[in-house]
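Position 230, counted from 1, in the sequence shown is what this note's numbering calls 438; the numbers after and before it change by one each time, with no gaps.
Even for Gly, the Cβ is constructed at its ideal location relative to N, Cα and C.
Just so we're clear, the structure is a prediction, and the values are computed from it rather than from any experiment.
Notes follow once the structure below has been shown.
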Amino acid sequence: MSDKQSILGRIAQLAKANIHVLLDQAEDPRKMADRLIRDYNSSIVKAEETAVAVMADLRLMEHDQREDVEAVGAWGAQALAASRKADELRASGQGEEADKFDGLARVALERQLEHEKEAKAAGPIIATQQEIVERLSSGLEEMRAKLSELRTRHDELVARATSVRTQGMLTDALQNIDVFDPAGELSRFEDVVRREEARAMGQPELAESSLDAQFARFTDFTTDAEIEARLAALKSGA
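What follows is the structure in structure tokens.
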């Protein structure tokens, strides 16, 4: 089997593969997705290399065929010119010279026939190469699309696995906390919060109480001074 047939078969196999079924049936979908991504990447690289080589061969064949077609026309023109010259020479009685130009016309026609055969023979080969290029191009498009699906599915699997792992860690953490235990972490945390709230509420009250006490002491001081003044007035007989 040729390299072209091998890579075409590989492309056809991967392009027809139902990646979603393969992943759903896999024991470890993430590992299967990783392996498929590697396979698709490798096959795409090989297919691209083959496509470039086939395209290069195709362009060379097409170039050679165009040259053959052009040569057919050129040798045909030379054969016609030589034949007409022979006719002119023969009409003027120069038979020997005319035979020479007829010989040149035959050589030109022989060359023309050779190029016609080569151009005709190249036709089916070129058509085959064109078909291979089309199949490679189509297969590459399908494989790239499936590779994109694979990567998307792989990212989804990774996200799901991460979510499951995170959920498991959260579940384990919650299992270690007894919400019904007054001495548990949640209860202790709640006590701390309540104390902080009470402290925050008590600070304004404390400030207000302190201020009232200061005014009370000031009032008591004023009253004592008034009493002492009146007592002094009584003693002086005022």
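Separation of residue j from residue i, as counted between CA atoms
i, j, result
"L216", "R246", "18 Å"
"M269", "I334", "7 Å"
"E257", "T336", "18 Å"
"R319", "W283", "7 Å"
"V280", "A330", "14 Å"
"A220", "I340", "12 Å"
"E350", "I252", "10 Å"
"I227", "S214", "21 Å"
"R274", "Q286", "18 Å"
"A259", "S345", "8 Å"
"R352", "T360", "12 Å"
"D363", "E235", "17 Å"
"K293", "L348", "58 Å"
"Q338", "D242", "34 Å"
"S356", "A327", "43 Å"
"L312", "A255", "50 Å"
"E278", "H323", "9 Å"
"K308", "K325", "26 Å"
"N249", "V229", "20 Å"
"L317", "D276", "14 Å"
"L297", "G303", "7 Å"
"K239", "D272", "50 Å"
"D232", "E342", "32 Å"
"E365", "R218", "Here the sequence assigns Leu to residue 365, which means Glu is not the residue at that position. Cα-Cα distance, rounded: 26 Å."
"A306", "D295", "7 Å"
"V315", "P332", "28 Å"
"G301", "R267", "51 Å"
"G392", "L244", "With a pLDDT of 48 at G392, under the threshold of 50, the modelled position of that residue is not reliable, and the figure given next carries that caveat. Computed Cα separation, rounded: 50 Å."
Buried/exposed call for residue i, threshold 16 Cβ in 10 Å
i, result
"K354", "buried"
"L358", "buried"
"L288", "exposed"
"A433", "exposed"
"L222", "buried"
"D389", "The pLDDT assigned to D389 is 49, lower than 50, so where the model puts this residue is not dependable; a value taken from the coordinates is nonetheless given after this. That one is exposed."
"L321", "exposed"
"A437", "exposed"
"V262", "buried"
"A299", "exposed"
Contact with chain D by residue i, beta-carbon distance below 7 Å
i, result
"R274", "No chain D appears in the structure shown, which is made up of a single protein chain."
Rounded distance between the beta-carbons of residue j and residue i, thought under 8 Å
i, j, result
"S481", "D265", "The displayed coordinates of the chain run from 209 to 446. Any statement about residue 481 would go beyond what the structure contains."
Residue i: CB within 6 Å of a non-hydrogen atom of the ligand MG
i, result
"H323", "As far as ligands go, the structure on display features none, and thus does not contain the ligand MG."
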